Amino acid sequence: MNVFQLRSVEGPMCLSLGQGFTTVGQTIGNTFVLNNASISGYHCEIEVADKEVRIRDLQSTNGTFINEQPITEAVLYTGQILQLGSLQFRLECTEVTIAVPPISKPVREEKETARLANGALACSIFPQLPATVACGHCKKPYHLSALRVIQLASAKRKKPLFFCPACNGQCHPLFKLDEPRESFLSELPKKIGSRIRRLFR
Ligand SMILES: [Zn+2]
Numbered sequence: 743m744n745v746f747q748l749r750s751v752e753g754p755m756c757l758s759l760g761q762g763f764t765t766v767g768q769t770i771g772n773t774f775v776l777n778n779a780s781i782s783g784y785h786c787e788i789e790v791a792d793k794e795v796r797i798r799d800l801q802s803t804n805g806t807f808i809n810e811q812p813i814t815e816a817v818l819y820t821g822q823i824l825q826l827g828s829l830q831f832r833l834e835c836t837e838v839t840i841a842v843p844p845i846s847k848p849v850r851e852e853k854e855t856a857r858l859a860n861g862a863l864a865c866s867i868f869p870q871l872p873a874t875v876a877c878g879h880c881k882k883p884y885h886l887s888a889l890r891v892i893q894l895a896s897a898k899r900k901k902p903l904f905f906c907p908a909c910n911g912q913c914h915p916l917f918k919l920d921e922p923r924e925s926f927l928s929e930l931p932k933k934i935g936s937r938i939r940r941l942f943r
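Residues in the sequence shown are numbered from 743 upward in steps of one, following this note's numbering.
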C-alpha cells in the first residue's frame, strides 16, 4: 500500500494524504486548512486512488501548478512539485507493508497425549501425576494439584472452582468420579479418593 505525503519545500509542514478525496484551502471545512493569503477558500482537491494522486484546481485565484505548469486537473507524480498559490510541496510516497501474521499450524501439544506407565493420561504440569481433570478451554489435562483453586467464600456453592494454570479456563473432571472405573482413583487410598470425589459433587 502507498501512503502519500505533500511535504512543504520551504517549511516543516507535511500533509498526509489518505485514500479518497481531500481538499486544501483557507476556509475551515477543508481537509487541510492553510492560513496563507495566496491560498483560496477552496483551493484544490486531491484524489488518491490506490497509486495515483490526482489534483484538481477549484478555480483558485492564484492557481495550482505542477512543476511550474498551471493545471486544472492533472496527475501528480512522486517527486513532483505541487504549487498552491505561493506554497510549494513535494509529493513523497512511502510503501507501507501491512504485515499479516502467518497462519501458524496449531502446535501439537505433546504433553496432552503423554501417558503414565500404567496408561493413565498424565498431567501436563506434573507429568509424573495422572490427569484427573481437563481444561474446558484449552483441553489440557491436569492433576488437581496443578490447578488454581478458587473457593468462593460468599457463593452459595460450596464446591471450589478449578482453573487452568495455562489459560485460566475452568477445568472439569475427565470422567464421572462416582462411577467406579479402572482409573487411578480406584487405586488411591479410599480417604484421598473420596476427598477428591467430594470436590466435584
Ligand atoms: Zn486451559
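Glycine is no exception: its CB is placed at the ideal position from the N, C-alpha and C atoms. Predicted model, so just to flag it, every value in this text is computed and none were measured.
Chain-order list of residues whose beta-carbon lies under 6 Å from that of residue i (same chain, five-residue window excluded)
i, result
"V745", "T836, V838"
"G805", "P812"
Three-state secondary structure (DSSP) of residue i
i, result
"A856", "coil"
"A888", "helix"
"P872", "strand"
"N778", "coil"
"E921", "Residue placement at E921 cannot be trusted, given a pLDDT of 47 that sits under 50; what the coordinates show is reported in the next sentence. In the structure shown, E921 sits in coil (DSSP, three-state: anything other than H, G, I, E or B)."
"A791", "strand"
"S866", "coil"
"I813", "coil"
"T838", "The residue you asked about is not Thr; residue 838 is Val in the sequence shown. Coil at V838, not helix or strand."
"C880", "coil"
"C909", "coil"
"S802", "coil"
"G753", "coil"
"T765", "strand"
Sequence-distant residues of the same chain with beta carbon closer than 8 Å to residue i, five excluded per side
i, result
"A856", "L863, A864, S866, P869"
"C880", "C906, A908, C909, G911"
"L889", "V875, F904, F905, C906, P907, C913"
Alpha-carbon to alpha-carbon, residue j and residue i
i, j, result
"T814", "S802", "10 Å"
"T798", "N910", "The sequence given here has Arg at residue 798, not Thr. Near 58 Å, if we compare the C-alpha coordinates of N910 and R798."
"E794", "L818", "8 Å"
"C756", "A779", "19 Å"
"F774", "F807", "18 Å"
"L858", "A873", "9 Å"
"E752", "Q830", "7 Å"
"Q893", "V875", "17 Å"
"L824", "T765", "14 Å"
"S887", "L871", "9 Å"
"Q747", "F904", "55 Å"
"R832", "L826", "11 Å"
"E789", "S750", "18 Å"
"C877", "G861", "20 Å"
"H785", "S828", "12 Å"
"P754", "L800", "25 Å"
"S758", "Q822", "16 Å"
"R796", "K882", "57 Å"
Span of the beta strand (DSSP E) around residue i
i, result
"P915", "913-915"
"S758", "756-759"
"L826", "823-826"
"P808", "Sequence inspection shows Ile at residue 808; the Pro mentioned does not correspond to that position. Unbroken beta strand (DSSP E) run through I808: 806-808."
"Q893", "Segment: none, Q893 is in no beta strand (DSSP E) and carries neither H nor E."
"N744", "744-750"
Cβ-Cβ distance between residue i and residue j below 9 Å
i, j, result
"E810", "T820", "no"
"S782", "G767", "yes"
"Y884", "P907", "yes"
"A791", "G760", "no"
Proximal residues to residue i (C-beta, below 7 Å), its chain only, five neighbours per side dropped
i, result
"G777", "Here residue 777 is Asn; the residue named in the question, Gly, does not match the sequence. Excluding residues within five positions, the ones whose Cβ falls inside 7 Å are Q768."
"E787", "F763, T765, R798, L800"
"V891", "P902, F904"
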